[in-house]
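Going by the working numbering, the sequence shown opens with residue 6, and the numbers climb by one from there.
Presented below is the structure to which this report refers.
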Amino acid sequence: MKWNNAITKLPQFKAAMQRVSQIECLLLAVEFASDQLDVTVMEGAIGGIRSLAGSAYRDLERVQETESESRGGQA
């Protein structure tokens, strides 16, 4: 996916990308250790992944709003 250079400098975009990276790390950790994790730990990991994904999504929505405003409200 290509992003406008100005967009990639927005703090919301950087935060979203950092959260996506954290999600990837959590998923890899769960994948590699899944046979050693109990239900409580798995539920906690799933909750953390959902929380990070929701935050990343909200950050990207703010980026989209910022981009839309910079275009004068055009989609």
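For glycine and all other residues, C-beta sits at the position ideal for the given N, C-alpha and C.
Asked	Found
If you follow the alpha helix (DSSP H) that residue 19 is in, where does it begin and where does it stop?	16–38
Are the beta-carbon atoms of residue 11 and residue 64 separated by less than 9 Å?	no
According to the Cβ coordinates, are residue 31 and residue 57 closer than 9 Å?	yes
Helix or strand or just coil, what does DSSP make of residue 76?	coil
Residue 61 and residue 24 look like a contact to me (Cβ under 8 Å); what is the Cβ gap, rounded to whole Å?	4 Å
Between residue 9 and residue 36, what straight-line distance do the alpha-carbon atoms span, to the nearest angstrom?	33 Å
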